[in-house]
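Top to bottom, those sequences are chains A and B.
For the first sequence, this note's numbering assigns the number 564 to the initial residue and increments by one for each residue that follows.
For the second sequence, this note's numbering assigns the number 688 to the initial residue and increments by one for each residue that follows.
What follows is a single structure, written as structure tokens, with notes after it.
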Amino acid sequence: MLAPYPQLVIAAFRRFATYRQAALAGLTTNVVFGLLRAAVLVAVLDQRPVVAGYDVAAAVTFVWLGQGLLTVVLLWGDSELSTRIRTGDVVIDLGRPWDLQAALLATDLGRAGFAVLSRLVPPMVFGALLFPIRWPERPATWVFFAVAALLGVVVSFGVRFLLNASAFWLLDARGVLAVWGVVGGVLSGLVVPLAWFPGWARSALAFTPAPSLFQTPIDVFLERGDPLGALAGQAFWAVLLLAVGRVVLHRGSRRLVVQGG
Amino acid sequence: MADTGTAVHRRIIASRIRSQLAYRTSFALDVVAQLIGQSIELVAILVVFTQVTSLGGFDRNEVVLMYALAATAFGIADLSVGQVEELPNLIRTGELDVLLLRPLGTLAQILSADVALKRLGRVAAGLAALAYALATSGIEWTPVRVLVAVTAPLTGAVIFAAVWVAANTVSFWVVDGREVANSVTYGSNFATSYPITVYGPWLRRILCFAVPGAFVAYFPALALLGRPDPLGFPVALQYASPLVAALAVGGAALVWRTGVRRYQGTGS
Numbered sequence: 564m565l566a567p568y569p570q571l572v573i574a575a576f577r578r579f580a581t582y583r584q585a586a587l588a589g590l591t592t593n594v595v596f597g598l599l600r601a602a603v604l605v606a607v608l609d610q611r612p613v614v615a616g617y618d619v620a621a622a623v624t625f626v627w628l629g630q631g632l633l634t635v636v637l638l639w640g641d642s643e644l645s646t647r648i649r650t651g652d653v654v655i656d657l658g659r660p661w662d663l664q665a666a667l668l669a670t671d672l673g674r675a676g677f678a679v680l681s682r683l684v685p686p687m688v689f690g691a692l693l694f695p696i697r698w699p700e701r702p703a704t705w706v707f708f709a710v711a712a713l714l715g716v717v718v719s720f721g722v723r724f725l726l727n728a729s730a731f732w733l734l735d736a737r738g739v740l741a742v743w744g745v746v747g748g749v750l751s752g753l754v755v756p757l758a759w760f761p762g763w764a765r766s767a768l769a770f771t772p773a774p775s776l777f778q779t780p781i782d783v784f785l786e787r788g789d790p791l792g793a794l795a796g797q798a799f800w801a802v803l804l805l806a807v808g809r810v811v812l813h814r815g816s817r818r819l820v821v822q823g824g
Numbered sequence: 688m689a690d691t692g693t694a695v696h697r698r699i700i701a702s703r704i705r706s707q708l709a710y711r712t713s714f715a716l717d718v719v720a721q722l723i724g725q726s727i728e729l730v731a732i733l734v735v736f737t738q739v740t741s742l743g744g745f746d747r748n749e750v751v752l753m754y755a756l757a758a759t760a761f762g763i764a765d766l767s768v769g770q771v772e773e774l775p776n777l778i779r780t781g782e783l784d785v786l787l788l789r790p791l792g793t794l795a796q797i798l799s800a801d802v803a804l805k806r807l808g809r810v811a812a813g814l815a816a817l818a819y820a821l822a823t824s825g826i827e828w829t830p831v832r833v834l835v836a837v838t839a840p841l842t843g844a845v846i847f848a849a850v851w852v853a854a855n856t857v858s859f860w861v862v863d864g865r866e867v868a869n870s871v872t873y874g875s876n877f878a879t880s881y882p883i884t885v886y887g888p889w890l891r892r893i894l895c896f897a898v899p900g901a902f903v904a905y906f907p908a909l910a911l912l913g914r915p916d917p918l919g920f921p922v923a924l925q926y927a928s929p930l931v932a933a934l935a936v937g938g939a940a941l942v943w944r945t946g947v948r949r950y951q952g953t954g955s
């Protein structure tokens, strides 16, 4: 018998694997936006062959990898914990013989695992058929990229966990989650490469976990910069966010008032 | 009969609006999220223009003008017909059957079921950008251009609304059609924010003419700027948006009726 957490990973993988048609429908959106974003970035590179280190191949790889990672890393659509806090169901979760944060992380990893197959691979294949994707030159890059994508999921989970936990105080975390959903994309390097941002914006973003979500895995894949340093940065944010999440969960659950008792 | 219908709708809408103002903090954040959400593409445009001076043959303020026209139009359309996004849920849960039985227009019922006021954020973002763009893109004002500037966001909104209804009608045929519809609605919002010259011929045909997105922002912007079309389309197209909007509504109505007629319910 497996420990509960690996079982949760597998269960979540299976759960999401049930909704194949939904995955297919979601893919349509990724592909449409991939085509549009790629067209815009290619039009930018019509002006100058290389913009901040990005040539056409790097730019289209940035776009398709970003569209593929979107559902793996997951920016929006994760409001389960905040809903359970609002309804009070979180009491049941807290009472179970597990660590709630670890259990949710395990579930998220299982979800992300299925998303790699259903949402990351197909847009990359589609992009590769139509565009000159820049594949890694060094074999080790594939390993680094896998780790970077995994850490991207953990950092994203850490952020989403904190935002959801705000429901302990706000009751309704939808607004907070919505703001993150829209701001997160541009700050984490999903929309435009962060290297194209003005220097002051890049320096400011370096002090946030945002680039760890998309830009870092994509940079690792494109072999831009030192991969080990990039992974260390992501690991730092992952550990910090999970630790803060534990403190917040602890304090939040002390505030919890359950109706009728 | 029609009078009662309108009165009922008015009451339903008023009650929906009051209910949304109940949770003030969350509502305010939701409005802000919509406002920022619509502005994200503007940020992307501005970031791009820190690197280059023209995109698809247009300078920064010209592209911002197109973005602003598209954003305002999309915001108004989203506010008025965005609720049609709920159609897949209504079909899945069988609630649509209830709506069909009531002596009120089905589409009108869906649209008035929830007027999401938070979407005012999108309109606000669009209008702010539009005011900036109209002031800074060096337009030589003539009566005709004033007319274009006023009507373009509205005809654009009608076009988007038609696209929105038609795209969501796909749910009558496809289970889980929402994502597919989203790729058309949000996709055309994105696509129309940029000059259509950046797209390759195929994308241009689909997203600008099959879905008549080019008439939301691109052609009206050319009319405002007094620029010949780099793609060589006739000048008449620059003023054709109202006609295209009317055609789009006709098309959407046809698709909607076909969908409703085909609907058989989800139950046994």
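Don't be surprised by glycine CBs; every beta carbon is placed ideally from N, CA and C.
**Q.** Reference Gly-744/B; option with closest CA among Leu-817/B, Arg-914/B, Leu-733/B, Ala-901/B
**A.** Residue mapping note: residue 744/B aligns to position 57 of the second sequence, counting from 1. For Gly-744/B, the nearest C-alpha among the options comes from Arg-914/B.
Q. Out of curiosity, what's the CA-to-CA distance linking Met-688/B and Arg-789/B?
A. What you label residue 688/B is simply residue 1 of the second sequence in a count that begins at 1. What you label residue 789/B is simply residue 102 of the second sequence in a count that begins at 1. Here Met-688/B scores only 45 on pLDDT, less than 50, and its place in the model should not be relied on; the value that follows carries that caveat. Rounded to whole angstroms, Met-688/B to Arg-789/B spans 13 angstroms at the Cα level.
Q) Should Pro-921/B be labelled buried (16 or more other beta-carbon atoms within 10 Å of its own) or exposed? A) Against the second sequence, residue 921/B aligns to sequence position 234. It counts as exposed.
Q.
Which same chain residues end up closer than 7 angstroms to Gly-752/A when comparing Cβ atoms and leaving out the 5 residues on each side of it in sequence?
A. As a first step, residue 752/A is located in the first sequence; it is residue number 189 there, counting from the start. For Gly-752/A, where only same-chain residues beyond five positions count, the Cβ hits under 7 angstroms are Pro-774, Phe-777, Gln-778, Ile-781.
**Q.** 4-residue-minimum alpha helix (DSSP H) runs that sit fully inside the region 698-784 of chain A, ordered along the chain
**A.** List check, alpha helix (DSSP H) in window: 703-728, 730-733, 737-750, 762-768, 773-776, 778-784.
Q) Does Asp-973/B come within less than 8 angstroms of chain A when only Cβ atoms are used? A) Residue 973/B falls outside the range modelled here, since chain B spans only 688 to 955, and no answer is possible.
**Q.** Beta-carbon proximity check, Ala-615/A vs Ala-758/A, cutoff 8 angstroms
**A.** As a working mapping, residue 615/A is identified with position 52 in the first sequence. As a working mapping, residue 758/A is identified with position 195 in the first sequence. Yes, the Cβ-Cβ distance between Ala-615/A and Ala-758/A is below 8 angstroms.
Q) What do you reckon, are the CB atoms on Leu-774/B and Ile-797/B nearer than 8 angstroms? A) Taking the first residue of the second sequence as 1, we reach residue 774/B at position 87. Taking the first residue of the second sequence as 1, we reach residue 797/B at position 110. Between Leu-774/B and Ile-797/B, the C-beta gap is smaller than 8 angstroms, which places the two residues in contact.
**Q.** Reduced DSSP category for Leu-791/B - H, G, I as helix; E, B as strand; rest coil
**A.** For the purposes of this step, residue 791/B is identified with residue 104 of the second sequence, where counting begins at 1. Coil, per DSSP.
**Q.** Per DSSP, cross-strand counterpart(s) of Phe-579/A
**A.** Counting from 1 along the first sequence, the entry for residue 579/A is found at position 16. Beta-bridge pairing links Phe-579/A to no other residue.
Q. What residues match up with Phe-745/B in a beta bridge as DSSP calls it?
A. Here residue 745/B is taken as the residue at index 58 of the second sequence, counted from 1. Partner(s): Leu-742/B.
Q) Is the beta carbon of Phe-596/A sitting closer than 8 angstroms to the one on Gly-769/B? A) Stepping through the first sequence from its first residue, residue 596/A is reached at position 33. Stepping through the second sequence from its first residue, residue 769/B is reached at position 82. The answer is no: Cβ separation not under 8 angstroms.
**Q.** Cβ-based burial, Gly-824/A [other Cβ within 10 Å; buried from 16]
**A.** Translated into the one-based positions of the first sequence, residue 824/A becomes position 261. For Gly-824/A, the predicted model reports a pLDDT of 46, less than 50, meaning its position is unreliable; a value from the coordinates is still stated below. Under this definition Gly-824/A is an exposed residue.
Q. From Ala-803/B to Leu-752/B, what distance separates their C-alpha atoms?
A. Locating residue 803/B in the second sequence gives position 116, where the first residue counts as 1. Locating residue 752/B in the second sequence gives position 65, where the first residue counts as 1. The C-alpha of Ala-803/B lies about 26 angstroms from the C-alpha of Leu-752/B.
Q.
Can you give me the C-alpha to C-alpha distance between Glu-866/B and Val-594/A, rounded to a whole angstrom?
A. Taking the second sequence and counting its residues from 1, the one referred to as residue 866/B is at position 179. Taking the first sequence and counting its residues from 1, the one referred to as residue 594/A is at position 31. When rounded, the separation of the alpha-carbon atoms in Glu-866/B and Val-594/A is 12 angstroms.
Q: Give, in chain order, every unbroken run of the alpha helix (DSSP H) that is at least 4 residues long and sits entirely within the region 754-812 of chain B.
A: Listed in chain order, the complete alpha helix (DSSP H) runs (minimum 4 residues) inside the region 754-812 of chain B are 774-780, 782-788, 793-799.
Q. How about Gln-866/B: is its C-beta nearer than 8 angstroms to some C-beta of chain A?
A. For the purposes of this step, residue 866/B is taken as residue 179 along the second sequence, with counting starting at 1. It is worth fixing the name first, because residue 866/B is Glu in this sequence and not Gln. Interface annotation, Glu-866/B: in contact with chain A, CB-CB separation under 8 angstroms.
Q: Tell me whether Val-607/A sits in a helix, a strand or coil according to DSSP, three-state version.
A: Translated into the one-based positions of the first sequence, residue 607/A becomes position 44. Secondary structure of Val-607/A (DSSP, three-state): helix.
(Q) Measuring straight from C-alpha to C-alpha, what distance separates Ala-712/A and Leu-941/B? (A) On the first sequence, position 149 is the one that residue 712/A refers to. On the second sequence, position 254 is the one that residue 941/B refers to. Using only the alpha carbons, I get a separation of about 46 angstroms.
Q | Residue-level contact to chain A via CB, Ile-778/B, 8 angstroms cutoff | A | Counted from its first residue, the second sequence places residue 778/B at position 91. Taking Cβ atoms only, chain A never reaches closer than 8 angstroms to Ile-778/B, which makes this a no.
Q. For Tyr-964/B, does the three-state DSSP call read helix, strand or coil?
A. The requested residue 964/B is not part of the displayed model; chain B covers only 688 to 955.
**Q.** Expected contact under 8 angstroms - CB spacing of Trp-627/A and Phe-694/A to nearest Å
**A.** Looking up residue 627/A in the first sequence gives position 64. Looking up residue 694/A in the first sequence gives position 131. Sure, about 7 angstroms apart at Cβ, within 8 angstroms.
**Q.** Secondary structure of Tyr-950/B, DSSP reduced to three states
**A.** Counting from 1 along the second sequence, the entry for residue 950/B is found at position 263. In the displayed model, Tyr-950/B falls within coil according to three-state DSSP, outside both helix and strand.
Q. Where Tyr-617/A and Phe-799/A are concerned, what is the direct C-alpha to C-alpha distance, given to the nearest angstrom?
A. Taking the first sequence and counting its residues from 1, one reaches residue 617/A at position 54. Taking the first sequence and counting its residues from 1, one reaches residue 799/A at position 236. Those two C-alpha atoms are separated by around 27 angstroms.
Q. Residue range of the alpha helix (DSSP H) that Ala-836/B falls in?
A. In the second sequence, residue 836/B corresponds to position 149, counting from 1. 830-855 is the span of the alpha helix (DSSP H), which, as asked, contains Ala-836/B.
Q: Specify the secondary structure class of Tyr-617/A as computed by DSSP and reduced to three states.
A: Within the first sequence, residue 617/A is the residue found at index 54, counting from 1. DSSP places Tyr-617/A in the strand class (E or B) of the three-state scheme.
Q: Answer yes or no: do Val-653/A and Arg-647/A have a C-beta to C-beta separation smaller than 8 angstroms?
A: Mapped onto the first sequence, residue 653/A falls at position 90. Mapped onto the first sequence, residue 647/A falls at position 84. Going by C-beta atoms, Val-653/A is nearer than 8 angstroms to Arg-647/A.
Q. Applying the criterion that 16 or more other CB atoms from any shown protein chain within 10 Å of the CB defines a buried residue, is Ser-681/A buried or exposed?
A. Translated into the one-based positions of the first sequence, residue 681/A becomes position 118. By the Cβ neighbour-count rule, Ser-681/A is buried, with 16 or more other Cβ atoms within 10 Å of its own.
Q: Give a yes or no on contact between the region 774-784 of chain B and the region 717-733 of chain B, applying the rule of three or more CB pairs nearer than 8 angstroms.
A: Segments in contact, no.
Q: Give a yes or no on whether 8 angstroms exceeds the smallest Cβ distance from Tyr-970/B to chain A.
A: Residue 970/B lies beyond the range of chain B shown here (688 to 955); nothing can be said about it.
Q: Consider the Cβ of Leu-628/A: report whether some Cβ of chain B lies at a distance smaller than 8 angstroms.
A: For the purposes of this step, residue 628/A is identified with residue 65 of the first sequence, where counting begins at 1. Among the residues facing chain B, Leu-628/A is not included, as its CB has no counterpart in that chain under 8 angstroms away.
**Q.** Enclosing alpha helix (DSSP H) for Phe-677/A [first to last residue]
**A.** Working through the first sequence from its first residue, we reach residue 677/A at position 114. Start and end: 663-678.
Q. Got a sec: is the Cβ-Cβ distance from Gly-824/A to anything in chain B below 8 angstroms?
A. Sequence index remark: in the first sequence, residue 824/A carries index 261 (1-based). At Gly-824/A the pLDDT is 46, less than 50, meaning the model places this residue with poor confidence; the figure from the coordinates comes in the next sentence. Answer no: the Cβ-Cβ gap between Gly-824/A and chain B never drops below 8 angstroms.
Q) Between Leu-924/B and Val-862/B, what straight-line distance do the alpha-carbon atoms span, to the nearest angstrom? A) Residue 924/B sits at position 237 when you count from the first residue of the second sequence. Residue 862/B sits at position 175 when you count from the first residue of the second sequence. Between the C-alpha atoms of Leu-924/B and Val-862/B there is a straight-line separation of about 37 angstroms.
Q.
So Ala-602/A contacts chain B; which residues on that side make the cut at Cβ distance below 7 angstroms?
A. Residue mapping note: residue 602/A aligns to position 39 of the first sequence, counting from 1. Below the 7 angstroms Cβ cutoff, chain B contributes Val-885, Tyr-886, Gly-887, Leu-890 as neighbours of Ala-602/A, in chain order.
Q: List the residues of chain B whose Cβ lies closer than 7 angstroms to the Cβ of Gly-748/A, in chain order.
A: In the first sequence, counting from the first residue as 1, residue 748/A sits at position 185. Chain-order list of chain B residues neighbouring Gly-748/A: Ile-727, by C-beta distance under 7 angstroms.
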